[in-house]
Amino acid sequence: MKKVLIGGAWPYANSSLHLGHLAGLISGDVLARFHRQIGDDVIYVSGTDCHGTPITERAKKENISPKEIAEKYHKEFTEVFNKMGFSYDLYSKTESDYHKEKVKEIFRKLYDNGYIYEKEDDDIFCESCNKFVADRELKLICPNCGNETKGDQCDCGYVPTKEDLVNAVCADCGSKVTTKKNKNLYIALSKLQPRIEQYVEKNNVNWRKNAINETNKYLKEGLRDRAVTRNLDWGIEIPVEGFEDKRMYVWIDAVLGYLTDTMQVCEERGADWKDWWTEKDNNRMYMVHAKDNITFHTLILPGLLIGLEEGIKCPDRIVSAEYLNFNEQKFSKSKGIGLTILEALDRYNVDTLRFHLLRNGPETRDANFTEEEYIMTHNEITNKLGNFINRTLKFKGLANIPVAKIDEEVQKEIENKYNEIAEFMEKIEFRNATLKIIELLDFANKYYDERKPWVQAKEDIGEFNNTMFTCANLIANISNVIEPFMPGTAKKIRDYLKLESCTWEPIKLENEIVLDNIEPLFERM
Ligand SMILES: [Zn+2]
Ligand SMILES: [Zn+2]
Numbered sequence: 048m049k050k051v052l053i054g055g056a057w058p059y060a061n062s063s064l065h066l067g068h069l070a071g072l073i074s075g076d077v078l079a080r081f082h083r084q085i086g087d088d089v090i091y092v093s094g095t096d097c098h099g100t101p102i103t104e105r106a107k108k109e110n111i112s113p114k115e116i117a118e119k120y121h122k123e124f125t126e127v128f129n130k131m132g133f134s135y136d137l138y139s140k141t142e143s144d145y146h147k148e149k150v151k152e153i154f155r156k157l158y159d160n161g162y163i164y165e166k167e168d169d170d171i172f173c174e175s176c177n178k179f180v181a182d183r184e185l186k187l188i189c190p191n192c193g194n195e196t197k198g199d200q201c202d203c204g205y206v207p208t209k210e211d212l213v214n215a216v217c218a219d220c221g222s223k224v225t226t227k228k229n230k231n232l233y234i235a236l237s238k239l240q241p242r243i244e245q246y247v248e249k250n251n252v253n254w255r256k257n258a259i260n261e262t263n264k265y266l267k268e269g270l271r272d273r274a275v276t277r278n279l280d281w282g283i284e285i286p287v288e289g290f291e292d293k294r295m296y297v298w299i300d301a302v303l304g305y306l307t308d309t310m311q312v313c314e315e316r317g318a319d320w321k322d323w324w325t326e327k328d329n330n331r332m333y334m335v336h337a338k339d340n341i342t343f344h345t346l347i348l349p350g351l352l353i354g355l356e357e358g359i360k361c362p363d364r365i366v367s368a369e370y371l372n373f374n375e376q377k378f379s380k381s382k383g384i385g386l387t388i389l390e391a392l393d394r395y396n397v398d399t400l401r402f403h404l405l406r407n408g409p410e411t412r413d414a415n416f417t418e419e420e421y422i423m424t425h426n427e428i429t430n431k432l433g434n435f436i437n438r439t440l441k442f443k444g445l446a447n448i449p450v451a452k453i454d455e456e457v458q459k460e461i462e463n464k465y466n467e468i469a470e471f472m473e474k475i476e477f478r479n480a481t482l483k484i485i486e487l488l489d490f491a492n493k494y495y496d497e498r499k500p501w502v503q504a505k506e507d508i509g510e511f512n513n514t515m516f517t518c519a520n521l522i523a524n525i526s527n528v529i530e531p532f533m534p535g536t537a538k539k540i541r542d543y544l545k546l547e548s549c550t551w552e553p554i555k556l557e558n559e560i561v562l563d564n565i566e567p568l569f570e571r572m
């Protein structure tokens, strides 16, 4: 039994989650369910990222407090993940007292260890607002495309330089900004670089290609020390004297959430969090996110953990998705492109949506979502899985399926599929795993068609019973292998067959099946 930690990226509490977010996060739930099935000791965590400038800006726009904005989206995200069947062991938020206290302790240790240090800089200041302004609180004409943009990044992809920003205007009041001496704390990533490199080299065999490339790009350029304090009043307080008027940079606080969540889960379970966060042969740590989040997980988080000097393990598996587009366009709330997850769930079946995103999602390259293609997947599952269950468990006039002989060839194929799918899960290749599931469904339907139970029912009741019991046994095993992908459907099948648990082992049914309360699992769209 392994100790497996799965960290799903922490969504940012400033707008609704859309299908693109879901496509990047769904792998985490698949891994969590699979590892539980094979008997591992799983902790699957995430939470809402409540801090940072986009949230304070949003709050200003809506004329409410940042706390209210964060709370509103935290509630919405919790609802989304529940409806999607995400099996988090803890879904918390960075505004929780537990998280804030632990993060302050970690920050202080990094400061005491000399990896967080003080430096004075010329920062951008607005005289008329009398405050330091963040990059995204600045407005300028993009030198690359000529459009007006915020100071953090232009829509065209250009990232303004310090020089561009000095010539920008304050987005709040429109005045020309100046610079002013400002004291900040920095994390010494340059000093940590050799040890981060060692970590990367040792672990990146289990990373997605995009994670390896992106990480090496930054390492090659040389890591630069980064400010970890901001001139904000929203966020985690700085546990260092002289910085009472500043707050912690949001990315430092959010990536530590995986650790603070694990600590909290372990306190509740009476377990030792170090079993998941120490370098050992029998543990494993997956980080699941989209490609724009890679370096936070492969450079920043490892930097913080290494700097603690406590032998804490860094993530060994990076599951970084590419992007999902919607009808060949980027998701954009302001332009009305794409569906939020809640909108999608009003129209679609949750399990076929999960399956579709895993089969056609951005696993190794950008992918595109269209409603037509989703409906094709939904109808395929309806035909292949829904109908197979219907024509077995709702066979006309049948009240029960008595115990009979299970076809050995079928059982062998079932065993093969467990192994084949497990191999793909181990390689984090979910698309290939879903293709194996489709193969098993095709196999089941072919078996049914060849056996012709509708003829056997009239001509040879013994063979008919063998066929039906073999099909029921197929359904039982299908419910096991689809559990990570379509957990709601798997649960319904278990209820129909009165199966108590779902494991990752071939089942052989041993009892008569009473066919009552069986409803079609899917409706064609
Ligand atoms: Zn101003
Ligand atoms: Zn531009």
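In terms of the numbering used here, the sequence shown opens at residue 48 and continues consecutively. Ideal placement from N, C-alpha and C gives every residue a C-beta, glycine not left out. Keep in mind that this is a model prediction, so the values were computed, not measured.
Check	Outcome
Spatial distance of Glu356 from Leu306 (CA atoms)	15 Å
Coil, strand or helix - Ser134 by DSSP	coil
CA nearest to the CA of Glu104, picked from Leu64, Ile116, Cys313	Ile116
Residue from Leu279, Val561, Pro101, Asn330 with nearest C-alpha to Arg183	Pro101
Sub-8 Å separation of Lys227 and Asp170 beta-carbons	yes
Cβ pair Thr560, Ile428 closer than 8 Å	The amino acid occupying residue 560 in the given sequence is Ile; Thr does not appear at that position. Cβ atoms of Ile560 and Ile428: not closer than 8 Å.
Close-in-space but distant-in-sequence residues of the same chain around Leu521 (CB under 6 Å, 5 per side omitted)	Ala491
Presumed contact (8 Å Cβ cut-off) between Asp96 and Thr141, rounded CB distance	6 Å
Distance CB(Asn330)-CB(Asp322) smaller than 8 Å	yes
8 Å Cβ cutoff met for Leu389 and Leu66	no
Through-space distance from Lys114 to Thr439, alpha-carbon basis	53 Å
Pick from Asn257, Cys220, Lys156, Tyr59 that is closest to Arg412, judged by C-alpha positions	Asn257
beta-carbon Asp182 near ligand 2 non-hydrogen atom, thresh 7 Å	no
8 Å contact criterion, which Arg277 and Ser237 should meet: CB distance rounded	Contact flag wrong, Cβ pair sits at about 20 Å.
Which listed residue (Asp87, Ser93, Ile554, Glu552) has its alpha carbon closest to that of Gln311	Ser93
Residues near Asn340 in its chain [Cβ-Cβ closer than 6 Å; skip 5 each side]	Ala56
CB of Leu556 within 8 Å of CB of Ala504, strictly	no
Range of the contiguous alpha helix (DSSP H) that encloses Asp292	Careful: Asp292 lies outside any alpha helix (DSSP H) and carries neither H nor E.
Supposed close pair Val366, Val335 - CB separation, criterion 8 Å	5 Å
Where the alpha helix (DSSP H) containing Asp398 begins and where it ends	397-407
Asp170 beta carbon near ligand 1 (any heavy atom closer than 7 Å)	no
Runs of alpha helix (DSSP H) lying entirely within the region 319-368, each at least 4 residues, in chain order	348-354
Asp202 CB to nearest heavy atom of ligand 2 below 7 Å	yes
Selection from Thr345, Ile285, Arg541, Phe290 that minimises the alpha carbon distance to Val150	Ile285
Cα-Cα separation, Leu400 to Ser526	17 Å
CB of Ser34 within 8 Å of CB of Asp76, strictly	No information on residue 34 is available, as it lies outside the stretch 48 to 572 that the chain covers here.
Nonlocal neighbours in the same chain, by C-beta distance under 8 Å from Gln240, ignoring five residues either side	Leu266, Gly269, Leu270
Beta-carbon gap between Thr481 and Arg406 smaller than 8 Å	yes
Trp254 - DSSP class collapsed to helix/strand/coil	strand
Per DSSP, cross-strand counterpart(s) of Thr226	Ile171
Per-residue DSSP class, three states only, for Cys217	strand
Ligand 2 heavy atom lying under 7 Å from the CB of Cys173	no
From Phe569, Cys176, Cys203, residue whose alpha carbon lies closest to that of Ile188	Cys203
Spatially closest choice to Lys181 from Lys166, Asn229, His146, by CA coordinates	In the sequence under discussion, the amino acid at residue 181 is Ala, which differs from the Lys named in the question. Nearest of Lys166, Asn229, His146 to Ala181, Cα basis: Asn229.
Asp308 classed as buried or exposed, judged by whether at least 16 other C-beta atoms fall within 10 angstroms	buried
Pairwise C-alpha distance: Leu52 and Thr196	40 Å
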